[in-house]
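Please read the structure below before turning to the comments.
Numbering (our numbering), first residue to last: 4 to 241.
Next up, the structure:
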């Protein structure tokens with residue numbers, strides 16, 4: 004594949020290393036110093052684009068890829084107020100787009116475990132769910148996109164919770180999703196159900212960025228030849 008990496012930071016560099024090792028070509032690398040290279044002509048040369056940038060630029064980057072007819076996958080978080088706009092634009096242009104708050108295969112299995120556990124615990128009112136996410140100090144958003152996905156999935160299923168808050172709370176209808184920023188932590192997400200008697204806990208611990216990058220590259224390979232808007236659930240068959 005001929006790949007473009009839009010957002011050539013630590014994640015972009017990890018994706019490039021894995022892509023080259025698999026025999027792919029990275030022919031376009033966009034960072035804040037060469038945004039003038041983000042042209043329709045350059046995007047048309049790609050088989051797929053992988054977008055990991057900032058919340059304020061993600062939607063426009065994605066729509067430019069779609070305009071060029073270039074399949075694009077996106078792992079940028081904290082821009083979802085424009086997700087429906089991008090999806091509508093993609094469908095109108097018969098484009099190809101995938102968004103995931105986290106491309107790690109392990110995290111997406113963890114999403115499924117979280118939904119399954121929420122269904123199991125929905126009728127056990129003695130157990131109160133809480134969540135915690137921990138990331139490195141350079142992460143721009145809090146809570147993380149992964150944490151928000153976990154919280155929103157639980158709220159859709161668990162009858163006692165109708166909103167999440169990014170703090171400890173005593174309100175019975177609120178799900179506490181707390182955030183910690185600790186140097187060099189790639190990402191840890193924990194879901195607890197605690198009662199006076201015991202606690203049930205599920206946890207995902209990332210050991211490096213490798214899992215996120217490997218999943219993004221797999222998604223880029225999978226999306227070739229497809230049309231429409233996709234998620235990791237489509238790719239993994241969940």
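For each residue, glycine too, the CB sits at the ideal point set by N, CA and C.
Does DSSP put residue i in a helix, in a strand, or in coil?
i, result
"residue 47", "coil"
"residue 119", "helix"
"residue 167", "strand"
"residue 87", "helix"
"residue 197", "strand"
"residue 106", "coil"
"residue 7", "strand"
"residue 202", "strand"
"residue 182", "strand"
"residue 146", "coil"
I'd like to check one pair, residue j with residue i: are the Cβ atoms closer than 8 Å?
i, j, result
"residue 21", "residue 217", "yes"
"residue 158", "residue 167", "yes"
"residue 33", "residue 48", "no"
"residue 187", "residue 139", "yes"
"residue 80", "residue 182", "no"
"residue 116", "residue 150", "no"
"residue 53", "residue 108", "no"
"residue 62", "residue 28", "no"
"residue 55", "residue 14", "yes"
"residue 215", "residue 113", "no"
"residue 195", "residue 133", "yes"
"residue 64", "residue 235", "no"
"residue 18", "residue 219", "yes"
Considering only residues of the same chain and omitting the five flanking positions on each side of residue i, which have a CB-CB separation below 6 Å?
i, result
"residue 193", "135, 206"
"residue 104", "80, 148, 149, 152"
"residue 41", "33"
Please return the same chain residues whose Cβ sits closer than 7 Å to the Cβ of residue i, not counting the five positions on each side in sequence.
i, result
"residue 69", "75, 92, 93, 96, 98, 100"
Look up residue i in the DSSP assignment and give the residues it is bridged to.
i, result
"residue 190", "209"
"residue 24", "Looking at the DSSP assignment, residue 24 forms no beta bridge with any residue, so it has no partner."
Quick one: residues in its chain with C-beta nearer than 8 Å to the C-beta of residue i, no 5 flanking neighbours on either side, listed in chain order?
i, result
"residue 211", "189"
"residue 169", "145, 146, 180, 181, 182"
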